[in-house]
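Reading through the structure tokens given below for one structure.
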Amino acid sequence: MLFEEIRKYDHEQVVFCSSEEANLKAIIGIHDTTLGPALGGTRMWMYASETDALIDVLRLSRGMTYKAAVAGLNLGGGKAVIIGDPHKDKTELMYRAFGRFVDGLAGRYITAEDVGTSVQDMEYVRMETKYVTGIDKALGGSGDPSPFTAYGVYVGMKAAMKELTGSDSLAGKKVAVQGAGNVAKYVCDHLAKDGAKIFVTDIYEDKAKSIIADTKAEYVHPDKIYDVDADVFCPCALGAIINDDTINRMKFKIIAGGANNQLADENKHGKILMDKGIIYAPDYAINAGGLINVANELEGYHSERAMKQAGQIYDTIKTILTISKSEKIPSHVASNKLAEARINSIGKIRQVYSGKSEFSGRLGEISK
Ligand code: NAD
1 MLFEEIRKYD HEQVVFCSSE EANLKAIIGI HDTTLGPALG GTRMWMYASE TDALIDVLRL
61 SRGMTYKAAV AGLNLGGGKA VIIGDPHKDK TELMYRAFGR FVDGLAGRYI TAEDVGTSVQ
121 DMEYVRMETK YVTGIDKALG GSGDPSPFTA YGVYVGMKAA MKELTGSDSL AGKKVAVQGA
181 GNVAKYVCDH LAKDGAKIFV TDIYEDKAKS IIADTKAEYV HPDKIYDVDA DVFCPCALGA
241 IINDDTINRM KFKIIAGGAN NQLADENKHG KILMDKGIIY APDYAINAGG LINVANELEG
301 YHSERAMKQA GQIYDTIKTI LTISKSEKIP SHVASNKLAE ARINSIGKIR QVYSGKSEFS
361 GRLGEISK
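The opening residue of the sequence shown carries number 1 in the working numbering; numbering runs sequentially from there.
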């Protein structure tokens with residue numbers, strides 16, 4: 001049953017980490033390392049069962065393979081989950097024990113923060129391993145990824161507009177933004193500068209107020225955001241918002257936003273969007289700016305370089321939409337195809353023996 005599940009998602013390796021002393025139950029999923037080390041955050045969650053935790057880590061780590069590949073990064077897909085209540089069960093010992101397990105993988109997996117874990121937790125992990133990224137600016141890390149995610153969303157939206165109208169200008173276009181959090185705030189700044197008309201919502205109206213003050217956006221009740229007569233819908237709050245209920249209400253021509261897992265049912269709703277002629281910028285391709293930013297930490301961090309790379313999301317979305325149109329397939333399928341093509345082609349050139357890394361350690365020892 002265990003291997004069946006692992007093979008279903010096509011994983012290379014799954015590591016179960018246990019320490020009674022540290023109250024640690026963690027699973028690390030390494031999906032595919034063709035392009036490079038598997039990178040992905042550590043999620044801490046009160047899973048209803050261990051099987052749920054396993055399925056979550058398998059699903060999330062596979063998603064990271066596609067995200068890194070389509071973003072043009074030399075990284076594979078990985079993710080980790082820690083089973084426990086992030087509000088009650090966290091200790092220094094737990095995260096340091098987890099760091100030991102990450103270290104034991106010798107760089108095959110690089111971790112970062114995710115839902116339920118914080119920069120502070122990652123500092124404990126970093127005490128035991130260097131294979132952690134997304135750390136605090138004060139410690140030489142890249143800090144908040146939101147401006148990079150937002151910039152990627154903004155240029156991705158422009159690429160979608162170019163596909164729709166032949167021009168990528170957002171001046172005078174109406175954009176409905178769901179959520180007034182970190183990503184939305186920066187997206188709205190870009191939109192306002194370009195002269196777009198913004199409609200914004202948040203379940204906490206106060207959070208929307210600062211955006212409204214800075215950008216002259218109009219507030220919309222959270223339940224009404226799907227009905228706004230806007231050109232673009234920019235979901236930046238939560239997942240599964242493209243579903244049976246909302247999809248029939250939408251008059252948008254483009255969906256381009258930062259939220260993860262926007263399609264409630266990938267195959268069903270991706271196809272409906274295509275049939276309705278709504279241009280959908282696949283979530284994991286358009287919101288890769290944050291991943292691009294932490295990936296830059298691994299090579300010595302420069303924010304300008306990270307921002308420039310996030311800007312390449314424009315071309316990525318353009319390519320995906322071109323494939324989608326010419327092959328008459330939903331854009332998320334086109335995006336998966338693009339990712340798989342890159343993994344397969346780079347995998348092929350890696351079959352060529354370079355003489356550099358494969359045996360250097362052993363040959364070095366032999367020559368001593
Ligand atoms: P955030 O928590 O700062 O903002 C989310 C906002 O959405 C909050 O203000 C929250 O009150 C609001 N919200 C929640 N439910 C809502 C609802 N039903 N209607 C309206 N508003 C609602 O989060 P963020 O960092 O801005 O991330 C936004 C989304 O983008 C998330 O889905 C996140 O997973 C995804 N994402 C973020 C990054 C990043 O760099 N921060 C990177 C990739 C993906």
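C-beta: ideal position from N, C-alpha, C; glycine also. These figures come from a predicted structure and were not determined experimentally.
Taking C-beta to C-beta, are G99 and V119 nearer than 7 Å?
Locating residue 99 in the sequence shown gives position 99, where the first residue counts as 1. Locating residue 119 in the sequence shown gives position 119, where the first residue counts as 1. Cβ atoms of G99 and V119: not closer than 7 Å.
Test item: CB-CB of L105 and G76 under 7 Å
To locate residue 105, count along the sequence shown from 1; it is residue 105. To locate residue 76, count along the sequence shown from 1; it is residue 76. Cβ atoms of L105 and G76: not closer than 7 Å.
The stretch 257-275 in contact with the stretch 294-312 per 3-pair CB rule at 8 Å:
Result no; under three Cβ-Cβ pairs closer than 8 Å.
First through last residue of the alpha helix (DSSP H) which encompasses L338:
Here the question's residue 338 lines up with position 338 in the sequence shown. L338: member of the alpha helix (DSSP H) spanning 331-349, first to last residue.
Quick check: the Cα distance between Q309 and G289, rounded to an integer number of angstroms?
By 1-based counting over the sequence shown, the position of residue 309 is 309. By 1-based counting over the sequence shown, the position of residue 289 is 289. Taking C-alpha positions only, Q309 is separated from G289 by approximately 8 Å.
So K224 packs on A196, CB below 8 Å; how close in whole Å?
Stepping through the sequence shown from its first residue, residue 224 is reached at position 224. Stepping through the sequence shown from its first residue, residue 196 is reached at position 196. Not really, about 19 Å apart at Cβ, beyond 8 Å.
Cβ-heavy atom distance, I203 to ligand 1, below 6 Å:
Counting from one through the sequence shown, the residue named residue 203 turns up at place 203. Checking the 6 Å criterion, the Cβ of I203 is within range of a heavy atom belonging to ligand 1.
Residues near A184 by beta carbon distance below 6 Å, same chain, minus five either side:
Mapped onto the sequence shown, residue 184 falls at position 184. The residues are V177, C236.
The stretch 16-30 in contact with the stretch 78-90 per 3-pair CB rule at 8 Å
Pairwise C-beta distances place the stretch 16-30 in contact with the stretch 78-90, as three or more of them are shorter than 8 Å.
Indicate the three-state DSSP secondary structure (helix, strand or coil) for N287 in the structure shown.
Along the sequence shown, one-based indexing puts residue 287 at 287. For N287, the secondary structure class from DSSP, reduced to helix, strand or coil, is coil.
Looking at M122 and A22, is the spacing between their C-beta atoms short of 7 Å?
In the sequence shown, residue 22 corresponds to position 22, counting from 1. In the sequence shown, residue 122 corresponds to position 122, counting from 1. Against a cut-off of 7 Å, the Cβ pair of M122 and A22 comes out as no contact.
With hydrogens ignored, establish whether the beta-carbon of G258 is closer than 6 Å to any heavy atom of ligand 1.
Working through the sequence shown from its first residue, we reach residue 258 at position 258. True, at least one ligand heavy atom lies under 6 Å from that Cβ.
Just tell me which of D189, I286, R108 has its CA closest to the CA of G156.
Numbered from its first residue, the sequence shown carries residue 156 at position 156. Taking only the C-alpha atoms, the option nearest G156 is I286.
K318 lies in the alpha helix (DSSP H); which residues open and close that run?
For this step, residue 318 is matched to residue 318 along the sequence shown. Its alpha helix (DSSP H) spans residues 313-327.
Simplified DSSP assignment, three categories, for G76
Translated into the one-based positions of the sequence shown, residue 76 becomes position 76. Strand.
Going straight from the alpha carbon of A264 to that of K137, what length do you get?
As a first step, residue 264 is located in the sequence shown; it is residue number 264 there, counting from the start. As a first step, residue 137 is located in the sequence shown; it is residue number 137 there, counting from the start. C-alpha separation (whole angstroms): 35 Å.
Anyone know if the C-beta pair for H332 and P282 falls short of 7 Å?
Counted from its first residue, the sequence shown places residue 332 at position 332. Counted from its first residue, the sequence shown places residue 282 at position 282. Cβ atoms of H332 and P282: closer than 7 Å.
May I ask you to check if the CB of S146 is nearer than 6 Å to at least one heavy atom of ligand 1?
By one-based count along the sequence shown, residue 146 stands at place 146. Remark: the C-beta of S146 is in contact range of ligand 1, defined as less than 6 Å to any heavy atom.
Report yes if the C-beta of Q178 is less than 6 Å from at least one heavy atom of ligand 1; otherwise report no.
Residue mapping note: residue 178 aligns to position 178 of the sequence shown, counting from 1. True, at least one ligand heavy atom lies under 6 Å from that Cβ.
Hey, E128 and D89 are a contact pair by Cβ (cut 8 Å); roughly how many whole angstroms apart?
By one-based count along the sequence shown, residue 128 stands at place 128. By one-based count along the sequence shown, residue 89 stands at place 89. With a beta-carbon spacing of about 19 Å, E128 and D89 fall beyond the 8 Å limit used to define contacts.
For D10, name the three-state secondary structure that DSSP assigns.
As a first step, residue 10 must be located in the sequence shown, where it is residue number 10. For D10, the three-state secondary structure derived from DSSP is coil.
Below 7 Å between beta carbons: does that hold for V175 and I198?
Working through the sequence shown from its first residue, we reach residue 175 at position 175. Working through the sequence shown from its first residue, we reach residue 198 at position 198. Yes, these two residues count as a Cβ contact at 7 Å.
Per-residue DSSP class, three states only, for K31
Start at 1 with the first residue of the sequence shown, and residue 31 comes out as number 31. Per the sequence shown, residue 31 should be read as His rather than Lys. Strand.
Excluding five sequence neighbours on each side, which residues of the same chain lie with their C-beta closer than 6 Å to the C-beta of M227?
If you number the sequence shown from 1, residue 227 lands on position 227. The question names Met, yet the displayed sequence has Asp at residue 227. R249, listed in sequence order.
Would you grab the beta carbon distance between L238 and A259 for me? Rounded to a whole angstrom, and I think it's under 8 Å.
To locate residue 238, count along the sequence shown from 1; it is residue 238. To locate residue 259, count along the sequence shown from 1; it is residue 259. With a Cβ gap of about 6 Å, L238 and A259 count as contacting.
Reducing DSSP to helix, strand and coil, say where C188 ends up.
One-based indexing of the sequence shown puts residue 188 at position 188. Residue state, collapsed to three classes: helix.
Near N261, which residues of its chain fall below 8 Å by C-beta distance, leaving aside the five closest residues on each side in sequence?
Locating residue 261 in the sequence shown gives position 261, counting from the first residue. Taking N261 as the centre and dropping the five residues before and after it, the same chain places the C-beta of G239, A240, D283 closer than 8 Å to its C-beta, in chain order.
Sheet register partners of Q120 (DSSP bridge)
Counting from 1 along the sequence shown, the entry for residue 120 is found at position 120. Residue pairing for Q120: DSSP places it in no beta bridge.
Quick one: what does DSSP say Q262 is sitting in, helix, strand or coil?
Taking the sequence shown and counting its residues from 1, one reaches residue 262 at position 262. Coil.
Put K130 into one of helix, strand or coil per three-state DSSP.
Taking the first residue of the sequence shown as 1, we reach residue 130 at position 130. It is coil, neither helix nor strand.
Any idea which residues DSSP pairs I242 with across the strands?
The residue given as residue 242 occupies position 242 in the sequence shown. According to DSSP, I242 shares a beta bridge with L263.
Taking the CB atoms as reference points, tell me whether V153 and A339 lie closer together than 7 Å.
In the sequence shown, the residue the question calls residue 153 occupies position 153. In the sequence shown, the residue the question calls residue 339 occupies position 339. With a cutoff of 7 Å on beta-carbon distance, V153 and A339 are scored as not near each other.
Note down, one range per segment and in chain order, each alpha helix (DSSP H) of at least 4 residues found wholly within the stretch 64-115.
Runs found: 92-104.
From F101 to C17, what does the alpha carbon distance come to, in whole angstroms?
Taking the sequence shown and counting its residues from 1, the one referred to as residue 101 is at position 101. Taking the sequence shown and counting its residues from 1, the one referred to as residue 17 is at position 17. Approximately 7 Å between the Cα atoms of the pair.
I think A160 touches I329, with their Cβ atoms under 8 Å apart; what is that distance to the nearest whole Å?
On the sequence shown, position 160 is the one that residue 160 refers to. On the sequence shown, position 329 is the one that residue 329 refers to. Contact flag wrong, Cβ pair sits at about 16 Å.
Exposure of E163, with buried meaning 16 or more beta-carbon neighbours within 10 Å:
In the sequence shown, the residue the question calls residue 163 occupies position 163. In the assembly as shown, E163 is a buried residue. Its beta-carbon has 16 or more other beta-carbons within 10 Å.
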